[in-house]
Structures are given as C-alpha cells and as structure tokens.
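Residues in the sequence shown are numbered consecutively from 1, following the UniProt record's numbering.
Worksheet: one structure, shown below.
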Amino acid sequence: MEDTNNSGGRSKRQKIDRHGRLAALQKLRELKGSKNKYEISRVENVYEEVDEKEYSKRVLERQEDDWIVDDDGCGYVEDGREIFDDDLDKESIKRGTKRKSESSIKKSARSKVETSIDSKGSSNIRNLIANMPIKKKKETAVKLSEDDILGDIMQEIDSTSNPSPKDVSRKNTSFSLKQNTEEDDYLSTFVIKPKPISLSLKKKLTPAAKKIKLESDIDKSYVEPADVQPIVVKKEPLDLDTEDINEMTQIIENFDSNDGFPDSSAFDDVNEKIEEIESQNKIENKITIKSEEVDTANLVTEEQLNSGALWDSVQTYSENNNANVSVNWDYSKLPLISEDGKQVFQFYYWDAYEDASKQPGTVYLFGKVWLDSASTNVSCCVVMKNIKRRIFLLPREERINLKTGKSTGEKIAMLDVYKEFNNVIAPKYKINEFKSRSTDKYYAFEYTDVPFMCQYLEVKYAPNLPMLPKDLKGETFSRVFGTTSSFLELLLLERKIKGPAWLHLSNPQCVKVPISWCKVEVICQAVEDISIAKLNSTSPMPPPPLVTVALSFRQVMNEKTRMDEIVMVSCLIQNNYQVDKSTPNPAFQQHFCVVTHPSSHPFPFDFKEELRNYRGTKVEFCDSERSLLMYVVEALNSIDPDLVVGHDLQAADLDILLYRLSIHRIPCWSKIGRLKRAGMQLIKKGVTYALPRIPLCGRLVCDIKISGKELIRARSYDLTTLCESILKMNEGTRIELTPQEIIGAYRSGKTLLQLISTTMQDASFVLSLMYEMNVIPLALQITNIAGNVMSKTLMGGRSERNEFLLLHAFNAKDYIVPDKVYGKANVVQEEHVELENTMNENLANQKGPRKKKPAYSGGLVLDPKVGFYDTLILLMDFNSLYPSIILEYNICFTTTIRVQSEDDDILGVELREDNTDLGILPTELRKLIESRRDVKKLMKKDGLSPDLKLQYDIRQMALKLTANSMYGCLGFANSRFYAKPLAALVTSKGREILLNTQSLVEKLNYEVIYGDTDSIMINTKALDYSEVFKIGNKIKSEVNRLYKHVELDIDGVFKYMLLLKKKKYAATIINKLPNGDFAYTNEIKGLDIVRRDWSQLTSKSGEFILNQILSEQDLDEKISNICSHLYKLKEDLENGRVPVSLLSIAKQLSKAVEDYTDKKAQSHVLVAQRLNSSGRKTLKAGDTVHY
1 MEDTNNSGGR SKRQKIDRHG RLAALQKLRE LKGSKNKYEI SRVENVYEEV DEKEYSKRVL
61 ERQEDDWIVD DDGCGYVEDG REIFDDDLDK ESIKRGTKRK SESSIKKSAR SKVETSIDSK
121 GSSNIRNLIA NMPIKKKKET AVKLSEDDIL GDIMQEIDST SNPSPKDVSR KNTSFSLKQN
181 TEEDDYLSTF VIKPKPISLS LKKKLTPAAK KIKLESDIDK SYVEPADVQP IVVKKEPLDL
241 DTEDINEMTQ IIENFDSNDG FPDSSAFDDV NEKIEEIESQ NKIENKITIK SEEVDTANLV
301 TEEQLNSGAL WDSVQTYSEN NNANVSVNWD YSKLPLISED GKQVFQFYYW DAYEDASKQP
361 GTVYLFGKVW LDSASTNVSC CVVMKNIKRR IFLLPREERI NLKTGKSTGE KIAMLDVYKE
421 FNNVIAPKYK INEFKSRSTD KYYAFEYTDV PFMCQYLEVK YAPNLPMLPK DLKGETFSRV
481 FGTTSSFLEL LLLERKIKGP AWLHLSNPQC VKVPISWCKV EVICQAVEDI SIAKLNSTSP
541 MPPPPLVTVA LSFRQVMNEK TRMDEIVMVS CLIQNNYQVD KSTPNPAFQQ HFCVVTHPSS
601 HPFPFDFKEE LRNYRGTKVE FCDSERSLLM YVVEALNSID PDLVVGHDLQ AADLDILLYR
661 LSIHRIPCWS KIGRLKRAGM QLIKKGVTYA LPRIPLCGRL VCDIKISGKE LIRARSYDLT
721 TLCESILKMN EGTRIELTPQ EIIGAYRSGK TLLQLISTTM QDASFVLSLM YEMNVIPLAL
781 QITNIAGNVM SKTLMGGRSE RNEFLLLHAF NAKDYIVPDK VYGKANVVQE EHVELENTMN
841 ENLANQKGPR KKKPAYSGGL VLDPKVGFYD TLILLMDFNS LYPSIILEYN ICFTTTIRVQ
901 SEDDDILGVE LREDNTDLGI LPTELRKLIE SRRDVKKLMK KDGLSPDLKL QYDIRQMALK
961 LTANSMYGCL GFANSRFYAK PLAALVTSKG REILLNTQSL VEKLNYEVIY GDTDSIMINT
1021 KALDYSEVFK IGNKIKSEVN RLYKHVELDI DGVFKYMLLL KKKKYAATII NKLPNGDFAY
1081 TNEIKGLDIV RRDWSQLTSK SGEFILNQIL SEQDLDEKIS NICSHLYKLK EDLENGRVPV
1141 SLLSIAKQLS KAVEDYTDKK AQSHVLVAQR LNSSGRKTLK AGDTVHY
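Take a look at the structure:
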C-alpha cells in the first residue's frame, strides 16, 4: 500500500466513522457467541428537541455523507433527505450551501437528484420499467390528428412558445386542478385611483366568512399537518406527477375552513370518548359493511377534513352514534305508551308518500319512534289503509233532460239526488257499496252557477272502486266536487295534521310481512285512529334528531355506449342533527368514499400501494360500477338516513343513479329509500326513460340547488357560486372537474387519491351550505305553518304550500275547495294567447316571435326623471304592500262579487257593500303577520339561549316568506286557487295607492323622481342627513294616516344617484353608524352589468365606470379616468392581453334543450347541445350555460 501511495497512484477510499456506527458494529461482532446479554435500559426521552436552525444544520451535514446517486434519474436515489425536509429556513440553507461549495462534484450530483425529483416525482418502479431495453419497432409516420396526447403536448409547446389568445380549444384530458389566476391578475389592473367616499366602512364578517379564510402566507410546497396532541399526522408531501396537482395541494392547504367544526382542542380526548362509546353501544349491528380496522392514532382536525387537504378514516365522535345500530325488534310487540288509560303508538311524523295508481287508499307515514330496548330513536313506517274517496253532489233546482238539456219543471229534493246516484251512477261505475248523507257547505270560487251556501249530497266509498269523472252531471245534480282529491290530502285535512308533529295511533296492528325497510312498521286500518298527540304546551317535546347523509357523485361518459357511468360516491354522516338547535358540532362523525374505475380505464397500478398510506378517509374500491352501486345501496340501507343532502340531486344525480341501477339490474334497489318496491322497468318516452317517482320516499331529500334558488339571489346556482356567495369563499377555492379530467385522474394512484379528497370536499361543502342556510329548520317551520308535506317544501313548491294553507283554512270553515286540475298549464297558456290577441289587433301583421303579455295589469312604474343627482335622495317603500292591501280592503273569495258577462266568463270582481266580516284569506294573513310580530317581540327578551333565539329567527323568517307568497297563489296560473280577478283587484289598488302617495308628496313641495310598484324616490334637495329623515317622517305620517294596514316607511338615503330609465339606476347608499360616523355602499339595480348574459369583463368595466361616476372627484378627473380606462381596455383587447375566460357570458335554459325549435338562433342552446352530446355535462331546463 505504501508503494502504491509513493508511486503517485490513487489512494484507497477510507470510510469515515462520523456517527460511531462502525465502532458500534465492531462491538456487536465481539459480543457474538458470548453469553453476554444486552440489557435495554428505559429511555426517558426518545426524541431530542432542537430548534429550526440546529435541525437544518444537522440535515445538511447528513446530506454531505456518502449516498446513492441515480443514473440520470433512471435508478434508485437516496440523498439523506427526509420527506419533510423541504421546509428548512432559507438562512440555514444559504449557510449550508456555502459550506458545501468545497465539494463541487457532490453538489452537481445532488442537483441532478433534486431536478429529477422535482420534475418526475420520487423514483419508483415506473422509471425502471421505462428505461428497460426493448426491441425497437418499425418507425411509422405519426399523424397528429390521431394522437390526442401528442396533440396536447405539441399544442402546449406551441402555446408556451408563441401564446395566442385565439387558441383556446385545447382538449384537456389530464387531471388538472390548477387554479386559474390569470383573470384575477388582469382584473387587478382595474385600479380605482380615487376613493369613492372619504369614509369607508369595514365589511362585517359573517359567521360563514369567519369560518372560511384563505391564508396566503403559508409555504405551499407541502401539506402542513395538524399540530394536535396526542394526535400525530405523518408529514408527507403530495409529490404528484404534474405541477397542476401541486398547485391544487396549495389551494386545498390554503383553504382553512371551520364550517362549524370544533377547534383542535376538542379532539384532545378523542380516544377516551371512543372507548366510552364502544362500551356504551353494546347492541350489535345486524347489517354492517365489512371494512378494514381503522387506526385512530392518526386523526386530523375537522378543519382539515372540510378543506379537503386531509381526510381521516371513518371514526365515531358523538356519543349519540345511532346510525348503524341494528334493532332486533319483534314485530309482534309494538313499542306502546299509555295515554288516558289506553295503549297508543307514539311516533314523530316527518314525511308521507302515496301511490294512488297502484295502491289507492293507502298512505305511508314515515318518521321516528323511541325504542327502550335500543335506547334510541329508530325509523318507523305507519301504513294508513282504507282511506275512502269523498265527493259532493250539487243538486239542481229542477230536473234536466240530459238529451235535450231542457228543464222538465220538476223540483228536486235531496232524495231524488240519492236515488239517481244509487240507481244510475253507482251501477254504471261499479260502485257496489257507499255511504251518503246531506250536508251544508259553502262555495266561493270560479263557478258562478254554484250558490254561496247550499245542501250537498256527501258520498263516501271504497278507494279501490273507480274514480268518478270530474265533469260528471246528472238529471238531478249539476256538478260533482272532490273527484280529484288525493288520499293524502283527505287524510291531512280530515285529521288536521299540519306538517311534521308527534302523532298518536290507537288500535295499531303488527305487520306480518314487512313492506318497508324501516326498523319498525305499523298498520292502521281506520283514519279515525290517528290523531295529533296531546303534549304539554309549556314544554313540548322536540323533534327527534335526524340521521343525515351528504352525498357527492362523480360521473364519466362511456365513449362506446355514450352513457354516464358513476365512478365515485363520497358520503358524510351526521348521526345526531337536531333541527331545533344550532349547527351540530362536529358537522359530521363518519365519512367514506366508494370508488371504481371507468370501463375504458383500469385502476392505476400503484393505487393499492398509495392507498396504504392514505389517511384521508375509508376508501372502498370496487372492480366494477355494479359493485359500487351495490355497495352504495347496502350502505344507505345500513345507515338508514332520515335526510339525504346533495347538490342538483333532484334533476341530475338521482336520475343517473336510478338509470344505472336499472341498467345493472341491482337487486333491492329500493333500499336507497324506505319503501320496498319491485324491480325497475325502464319505459322509453321519446329520448328519455320513465324512472320511478320519488325513489327516496321515506327519506327527506335536500337539494342545495333548489334551496339556494328560493333563499338567495345569485348569477348562478352551481356549487361553486353557492360556496362563494354563502360560505364567502374566494373565487377558485372550489375546483370544478370535467369528465375528461376525472378520467385523467386514473393515470396514477396519487392523482386518484387527490380526486377522492376533492370529492369528499364537495360533500363537505354541500353539508356546510345546508347548515349555513338553515334549510331544514326553515322548511320545518314553513311546513308547520302551511300544513303540507315537508318533502314537497324542500322541493321548493311555494304554490303547493299556499294551497295547503288555504285548504286547511277553508276546510275548517266548511267550504268546498276547488278541485286540483292536472295539466292546467296548457289551458292557461291558451287563455293568455286569446287575451293577447284580443288586446292587440295588429299582432297578426307582426313578424317574428312575440312575447306573451300578462293576463292582467301589474304594479305601476312611474316615469323616471332621468339624470345624475348629487343631493340626498329619500327612498321610501310600503311594507308588504300586496298582503297589506288584502287586509286593508278585505279582499277574499268570500267577500267579493263576481262580475259575469254574457258568455259566462268572469271579467272581474267587486267588493261587497256589506264587507264587514273578515274573509278567510285576510284572516290567514293577519294570523301570519301578528304571529311574526309576536315572535320578533320574543326575540328581544333578555336571557334567551342561542338555540332558542335562532329558532325564533327562523320562525319569523318562515312567517314572512309565507305571508309574502300568499298573493302569488292568486296570480299563479297553475295554482289551485288561481283567481285572476282577485289578483287584478290587488294590483289595481296598489297602483291607486302609489299614485295617491305621489300626489301627496308633490303637494308637500317635494319632487318625486321615480317610483316602482311599492317604492317611491324623493329628491329632497338637501345635504344634511338628519334633515332628510325629518322630511321622511313627515311624509310617512301623512300617508299612513290614510290607511289602517298599509304602512309607508323609510327604506334608505342615497348620497348620489344615476337614474337612467325605468328599473335601471345606480346609487350610493348612506348609513349612519351607532358611533355617529357614516358608511357608504353602492347599489346597482337593473343595469346590464349585473345581468348574467353579459361578460365578466363588461361587468367589471361597468363597475369601474360607475365607481368613478359615484365618487367625490371633480368632473374633469372622472372623465379622464374613464377615458383612460376605456382606451386601455381597447388596446388590451386588440393585442390579445385579455383572458378569454373574462369574455364568457352565462344564460339560463328556460326549457329542455330538445324542446327548442330555434336552436341555431340561440347560442346558449347550441353550446348546451354540444356539451350534452360530448358528455362533459348534462344541462337541463333551469341550468345556466356559460359560453
């Protein structure tokens, strides 16, 4: 060796023992074979605590050791770094870099390693396979048009090297979750130089805004784990294969949403709580979904769960976890209670269902019942049977010859009516048995030949017998009422059941063969046996908690069959949702995701390996869509939810689910609901299929899209827009994925897991939206007020609510109510066309499509005095004008005289001279208004609990919504109580009141510049805020003294106002704060910049110009800023610097795409047709098309 060294040769490499490893190994060799035993001493502290700088120093020193270097990214690599070492502070890295500069060879090798990791992800078997020697195939010419992937790459290269705004048609087939900030960056150039008003008001954060906050200063190169003790989360960067996925990780990590979940401190004792729950829940589950045991050591916080960054395994948090409790219940023993010495079955009724065509006379009541054996509330089904049909025959004054239609002169008695029905009608329609009696009833609706009060022949007969025609007439009776009444309506009206409530059932019977999937089932043979429970009014029993499930679906289109396939379903479970209390905390206790692969794409080869380390949620992967559907059906049956929440469930997801269930012939598909049904048979109707009606009967369905349309006003009601407007999320927080991007997620295990987290995140958003809007408590209050079925309330049917409210009111006063007319829309449309042609004689000479005019005159709109006003404008409006008019003038069916023409058509109504008794419609309105006033008084009491105050607020909101929609049922053509003359009378009184108010204000020497229906704008020509209020109070007192129920009030004050034309203006609202300061906000009404069919660029530019106009600058400065902005905008458009996405517009489909006759003339219809045919979306009537 010495000779070699002396000869100048290369010296042998010496191993440097820096950490004492070689010495320890040598000591172990010496002990081998001896009897010495190594005693393990207890270590007090396994980990050594160091600060960040010391840790960075040790890591860099460790990396200077000898490590394995790969072959240009193709082999195994190891450089000593841990997976969480990317967060070293910059100073330590800089110092370490200086120290490492001495070894340039190692530095260059390490830089290759880092470049390989950054660009390709961690080295794995894929790189080895990719670099294996293979036999070269014969080179053939590649056609770019036939290779989508190569085309994408080439197009991306072209767009990168030579960007062009016109090239926007690139087909995206990869899984991209990149947040598009290009348009945000461009819009940030719309800088408003001047401050609009000298005083600015800080926007008050709503509870939802406090819950959801984006942190922009977080290091986005890795996912920050939860700092919770003793909960441990392994730090692991989501090193996905593309930059897009890394950016999605940034987005999700930055999204710090609370959404009503507890702080991390609430999870300190989670292990102890789980042990307590396991000891308490001794009842075994009879039907469970087999799954792997979940390690509860690596739990994460609820904020992370909701943000989608991390999703923990299915876990139990609440002690009231009854979702999967199976009940070993003996059907021969009913859970009865004692009331007044009788044994009754007490249950809480939530929903009802009937199928009159298949099971006439049967109504299913679904709800919850308490079981002592299980110590919990479980689902129950009460089958109401033998609900009889009930009709009323109106006797004639004289007998009529039906052939000639002439009177015979013979006076008619009630006995004559009975004989004709018994001898002629009953045998003709095979009514073998019936009961009848004479009864006095009132009538005050559309038929003018029916007397106000008269004797009727009431007939009841079995439900399995035929339904009589609604236009049936006889020699002794002129009309028949009640032929179209549903059995559910008869049950609710006869037993006075108004919405969900505790009910008592006497004489209950056990079932021999269950016909539902509920835990408890009871049969009732007589309607008289069911009644509302007599509970303590001072301390009523609250509704039982709801088991809630939030669902989110992912579908892709099969290219061969051109049909949607369900590839993923995520589910969140809340086992104890108490609707009479505030938002539950935590928002959910369990969650899982079921995933399969598209038929054209297999699972990624590394999916199972990646899934082992995935702690997001319990993932159940299925080999086929059929297996997935069977799993979902059994899971819903096992969970047995009372409430199912989703977005666009009613119009899209449920239809797709049912169709796929039928295609795969899933057995017991009806387990998704609570009523057992036979196998599904698809009946093709045109281009669609007839699917089962109300597939989830027995379970309440909350569609966030439908609820959002009723409760808020937005440009669109897709999930992204709802999250931004209600949850106060920033734009781009939620990522929308196309079916092509979903398929692209199946190229690797990591991207597929990212898709799972995103799907779980959507389910969390849906649940948060339901809580934030108080959908279920509000629907419960509205249903109790109206007396309809809660499932219908959740579907947004305002007309049906008002119908049932009036049905209960008129039925209680012995009125015969109008029959339900199905398919009335066509008749009403014809009526509108005839009215339009009558009022416009020259329409026949006009060309092109014509918009139908309303059937009667609506509200009055005063001619505006166009201009810009810089003096204070007073805005005053009437509180609930139309309901107040109904009360003021006692407008009702029962208090008006119908004016009749020669052709027996009602032209109008007149108020009775003896209009003293309050009508039924005003009476119901007064009840609603007084109840709301009383509830608002209760809200002002001191010492109210937050839960009680929230319930009062929801109650007064429900009363307000119901009262304001009462007028709508009069003017809605498809309403059962449609009364065009009454609606016209109400609007005419409104026009009269507005004109009188204008005249009175002008007599007081004030200028009315504009007025619309129930509001009026007055130019006070004053500059002092307090002086304007004095003027407003003076006008208010002068107007209100003229009426008893109509009330004018001050609505606001405008500092500046730009009035352009009718229903189009912009203004700056001034508000005085409690501390005496003033706050200013801009309000825009009817201008094109708020329309959905205008591009975002136009809207933002319009806002900029309006802010300049409404600012406190000089006129020359305003004009200069506006001109500069418009010139810059023109230049940007010509040079292609404006993002194309800012030029897209949105328009709503008023009907189904296939129903449009002029598709080529309407761009949004063409776009919808292309999207539907491509499988990217399924757009329907009511959806918004962006193009």
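Ideal placement from N, C-alpha and C gives every residue a C-beta, glycine not left out.
Predicted model, so just to flag it, every value in this text is computed and none were measured.
Which listed residue (the options) has its alpha carbon closest to that of residue i
i: residue 1198; options: Tyr614, Val632 and Asn613; result: The displayed coordinates of the chain run from 1 to 1187. Any statement about residue 1198 would go beyond what the structure contains.
i: Phe603; options: Arg665, Arg479, Leu752 and Leu1042; result: Leu752
i: Glu610; options: Arg747, Gly1011, Leu1143 and Ile639; result: Arg747
i: Gly1086; options: Ala1067, Tyr55 and Lys460; result: Ala1067
i: Thr759; options: Ala550, Asp340, Thr896 and Glu625; result: Ala550
i: Lys1072; options: Ser1099, Phe1029 and Lys498; result: Phe1029
i: Ser884; options: Val644, Ser1095, Val986 and Asn811; result: Val986
i: Val644; options: Gly867, Val547 and Val511; result: Val547
i: Gln740; options: Leu28, Pro598, His808 and Gly1011; result: Pro598
i: Ile1084; options: Leu1059, Trp1094, Phe1078 and Ser1095; result: Leu1059
8 Å contact criterion, which residue i and residue j should meet: CB distance rounded
i: Leu700; j: Glu772; result: Contact doesn't hold; Cβ gap of about 18 Å is too wide.
i: Tyr1025; j: Val1001; result: In fact, because the Cβ distance is near 19 Å, the residues do not count as touching under 8 Å.
i: Ile776; j: Val594; result: Going by Cβ atoms, the distance from Ile776 to Val594 rounds to 25 Å, so no, they are not a contact pair.
Test item: CB-CB of residue i and residue j under 8 Å
i: Ile929; j: Ala963; result: yes
i: Glu420; j: Thr439; result: no
i: Phe366; j: Arg674; result: yes
i: Ile1089; j: Tyr1080; result: no
i: Val369; j: Phe347; result: yes
i: Met770; j: Cys702; result: yes
i: Ala983; j: Leu970; result: yes
i: Lys473; j: Cys454; result: no
i: Pro544; j: Phe345; result: no
Nonlocal neighbours in the same chain, by C-beta distance under 7 Å from residue i, ignoring five residues either side
i: Thr793; result: Ala779, Ile782, Thr783 and Arg801
i: Ile672; result: Val633, Leu636, Pro695 and Leu696
i: Ser880; result: Ala963 and Asn964
i: Leu887; result: Pro922, Leu925, Arg926 and His1045
i: Tyr1187; result: Ser1144, Ile1145, Ser1163, His1164 and Val1167
Neighbourhood of residue i by C-beta, 8 Å cutoff - its chain only, sequence neighbours within 5 removed
i: Ile387; result: Gly361, Thr362, Val363, Pro463, Phe487, Leu490, Leu491 and Val527
i: Glu1038; result: Leu1000 and Leu1004
i: Tyr967; result: Tyr882, Pro883, Ile886, Ala983 and Val986
i: Thr1098; result: Asp1088 and Ile1089
Terminal residues of the alpha helix (DSSP H) in which residue i lies
i: Val1140; result: Unbroken run through Val1140: none, as it is neither H nor E.
i: Gly968; result: Met966 to Gly971
i: Phe1029; result: Tyr1025 to Asn1040
i: Glu924; result: Ile920 to Met939
i: Lys980; result: Lys980 to Lys1003
Neighbourhood of residue i by C-beta distance below 6 Å, restricted to the same chain and skipping five residues each side
i: Asp648; result: Lys705
i: Tyr353; result: Tyr364 and Cys697
i: Thr871; result: Lys1021
i: residue 1188; result: Since the first and last residues shown for the chain are 1 and 1187, residue 1188 lies out of range.
i: Asp1183; result: Leu1149
i: residue 1209; result: Summary: the structure shown does not reach residue 1209, with the chain confined to residues 1 through 1187, and so no result is reported for it.
i: Tyr815; result: Tyr442
i: Asp877; result: Asp1014, Ser1015 and Asp1051
Host beta strand (DSSP E) of residue i (start-end)
i: Val556; result: Leu546 to Asn558
i: Thr1068; result: Lys1064 to Lys1072
i: Met729; result: Run containing Met729: none; DSSP gives neither H nor E here.
Short CB-CB distance (under 8 Å) between residue i and chain D
i: Asp762; result: Chain labels in this structure do not include chain D; a single protein chain is all it has.
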